[in-house]
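Here is the structure we will look at.
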Amino acid sequence: MTDTITRFAPSPTGHLHIGGARTALFCAAYAHGRSGRFALRIEDTDQKRSSEAAAAGILDDLAWLGICWDDGPEANGCGGDDRKVGPYYQSQRREIYDRYFTKLIEMGLAYPAFDTPEELAEMRKAAEAQKKTFIYRQQADYDHAQAMELAKTEGHVLRFKMPAEPVVVNDEILGEVTFPYEELDDLVIRKRDGFPTYHFAVVVDDETMGVTHVVRGQEHLNNTPRHVALIKALGFDVPKFAHLPLIFNPDGSKMSKRDKDKAVRAAVKAAGDVTASDAGVDERDFAKWQKDKSVQLPQDKLVPLAAKLGVELPEIDVEDFRRSGYLPEAIVNYIALLGWNPGERDDEGNEIERFDRAYLDSKFAFDRVGKKASKFDRDKLRAFNFDLIKSMDPGDFVEAWRTWCERYDAALLETLDKDAMLQLAPAVQQRAVTLGEARGPIAFLFTETDTIEYDEKAVKKHVLKGEPAGLDVLRDFAPKLAAIEPFAPEVIEETISSHCQTNELNMGKLAQPIRVAMTGAAVSPPLGITLSSLGKDTVVARVDRFLKFMDA
RNA sequence: GGCCCCAUCGUCUAGUCCGGUCUAGGACGUCAGGUUCUCAUCCUGAAAACCGGGGUUCGAAUCCCCGUGGGGUCACCA
């Protein structure tokens, strides 16, 4: 078996973090670029924090990004168990772990420990008082036979007896890293509730699933020597390791899901009068959330609360970026560049940085992954997204736009049908960086004619000033509007421009007053699109209203 | 604090492994012009970096050491 097999193993405690998305992306790219397989495993050994809904959400986030897994839970057209190495939820693999627990105990490399959490806390405190890190070791007078007997009736954990030697981790990105034995303790491998700990489960799963390359974030580097020691003790093959550099916020702090709570918490504090019922949660939870920085509010409560307070939530999870209206292709392209670079130039000698999945799959390797943590640059992501939107075929754009609306802005679909959106597409595509901002350039469509407020400065500059004044130009032109037939962009523009030509006027002289009449301000997409999308009746009504307003 | 990782424009990075071609290249952002009926798009241009100190060498962004700075991690979480 020389196939390349990678895996991504999230714990289902919330939406997929953007950093996790990058890890998954690199795992998939590495395997698929080598005709290997990419497996997905759900690490739900923490019964309290895991949820089926979160697992489904992560699967959905991945599929949306176009990161499909070959082995794993079947969802969104991905997954399956072709290699017969499932199940892919750790909570369903208890029997497998038990086999290896038994094996380790028989080899004398695992032993029951009866210390209570309180006792351990005490020992840690004592170690800390001496400015040392607490290292758990088996007692010198530990009686194995007696312990095994006691274990039949007493609650206990199982610990791994760490071999007394340094562990060398050979990392594909970082190189050789050595960890002294003095830093490695007899870690818990089976919890009191009988579930394996993360360390044990990963090692057993990666072996039994045939994983050849363990690709994960650098925050796991310190765990790796423990895993290597376990792997060797169990007689498994040591896989290749690749620890990816971390992703930070622009201010250098770690990009964390808690950042969202942090933003809202600050706003709640600033507002001063926000209550638990405003937040839609119960009194006690709300108080706890306000006090404890490590507590998070559920997403479906946090988002509306943020909206109510007018706070913009930092985008952290894939779902956040999706809601903002980024395209999966843009996200994938951008995050691929966080810590990796193809190191190729185009014909003009510029660094290649815009590419698709096929290119990534074919080029990705660990030798071009950097060691330095990178800061997440939203402006650059926005640029990628905008470029993609601009270059889309209008039909494709409308499809993407409508799909996004179905999920996040159903109201827009009630106002605009497909044809209307298709007509607006070119104007919107030049102006909207994200799908969420697509409403911006066409906001004038959603205000009622009789609620338009005219911007004073725009009126002064484009309507009152000059010779002739814009107001007179508009008044002069107004009657021609109703006669335009058909009321289509080209015809409208032709009418306006010929009117200007006959009267020896600059286009702006007429265009700007029309804009003010239509939108209240001096900014809009090209007049043809603006007027035709409004419809003749509305256009005429808005001009009338504006002229009356100016007369008054 | 212990252990571990890292260090090129504001940001992502190329160059580093195999020292000279680097008066350090590109992208995003910023600034300045131009095209245009407004906004936007588009085009052109500019400013902007090798963390510090020692070594090695004819020569160091590139190799070595020290310092400084940043980060990760120290759970019956993953």
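So for the first sequence, this note's numbering puts the first residue at 919; every next one is plus one. Just so you know, even glycine gets a beta-carbon here, dropped at the ideal spot from N, CA and C.
Proximal residues to residue i (C-beta, below 8 Å), its chain only, five neighbours per side dropped
i: residue 1286; result: 1258, 1259, 1260 and 1261
i: residue 1046; result: 1052
i: residue 1170; result: 1293
i: residue 1467; result: 1372
i: residue 882; result: This structure does not reach residue 882, given that the chain is present from 919 up to 1470, and the question cannot be answered.
i: residue 919; result: Unreliable positioning characterises residue 919 in this predicted model, as indicated by a pLDDT of 48, which lies under 50. A coordinate reading is not provided.
i: residue 1222; result: 1198
i: residue 1147; result: 1078, 1080, 1081, 1085 and 1102
Identity of the residues DSSP links to residue i by a beta bridge
i: residue 923; result: 955
i: residue 1028; result: 1078
i: residue 1293; result: 1166
i: residue 1131; result: 924 and 1158
i: residue 1172; result: 1166
Reduced DSSP secondary structure (H/G/I, E/B, other) of residue i
i: residue 1464; result: helix
i: residue 963; result: coil
i: residue 1088; result: strand
i: residue 990; result: strand
i: residue 969; result: coil
i: residue 1160; result: strand
i: residue 1287; result: strand
i: residue 1192; result: coil
i: residue 1277; result: helix
i: residue 1007; result: strand
i: residue 1424; result: coil
i: residue 1041; result: helix
i: residue 1451; result: helix
i: residue 1436; result: helix
i: residue 1057; result: coil
i: residue 1385; result: coil
i: residue 929; result: coil
i: residue 976; result: helix
i: residue 1002; result: coil
i: residue 1371; result: coil
i: residue 1033; result: coil
i: residue 1214; result: coil
i: residue 1321; result: helix
i: residue 1046; result: helix
Range covered by the alpha helix (DSSP H) that runs through residue i
i: residue 949; result: 936–950
i: residue 997; result: Per DSSP, residue 997 belongs to no alpha helix (DSSP H); it is in the beta strand (DSSP E), 996–998.
i: residue 1417; result: 1407–1420
i: residue 1380; result: Where residue 1380 is concerned, there is no enclosing alpha helix (DSSP H), given that its DSSP letter is neither H nor E.
i: residue 1353; result: Note, residue 1353: premise wrong, no alpha helix (DSSP H); not H, not E.
i: residue 1208; result: 1201–1209
i: residue 1226; result: 1217–1227
i: residue 1231; result: Segment: none, residue 1231 is in no alpha helix (DSSP H) and carries neither H nor E.
i: residue 1067; result: 1062–1069
i: residue 1397; result: 1388–1399
i: residue 1142; result: 1142–1152
Own chain, CB closer than 6 Å to residue i, minus 5 neighbours either side, in chain order
i: residue 1129; result: 923, 925 and 1157
i: residue 1239; result: 1233 and 1249
i: residue 1441; result: none
i: residue 946; result: 956 and 985
i: residue 1106; result: 1075, 1077 and 1115
Nonlocal neighbours in the same chain, by C-beta distance under 7 Å from residue i, ignoring five residues either side
i: residue 964; result: 929
i: residue 1359; result: 1345, 1346, 1349, 1350 and 1443
i: residue 883; result: Outside the shown range of the chain, which is 919 to 1470, sits residue 883, and nothing can be said about it.
i: residue 1255; result: 1271
i: residue 949; result: 922, 923, 924, 955 and 956
i: residue 1018; result: 1122 and 1152
i: residue 1003; result: 989, 1126, 1127 and 1128
i: residue 1409; result: 1402
i: residue 1319; result: 1339, 1353 and 1356
i: residue 1458; result: 1399 and 1400
i: residue 1380; result: 1388, 1430, 1431, 1434 and 1440
i: residue 1065; result: 1029 and 1030
Uninterrupted beta strand (DSSP E) stretches inside the region 1093–1118 (no shorter than 3 residues):
Correct list: 1093–1097 and 1106–1108.
Counting only runs that start and end within the region 1324–1349, where is the alpha helix (DSSP H) found for 4 or more residues in a row?
1328–1333 and 1336–1347
Enumerated in chain order, which unbroken segments of the alpha helix (DSSP H) with a length of 4 residues or greater are wholly contained in the region 1235–1273?
1236–1242 and 1246–1254
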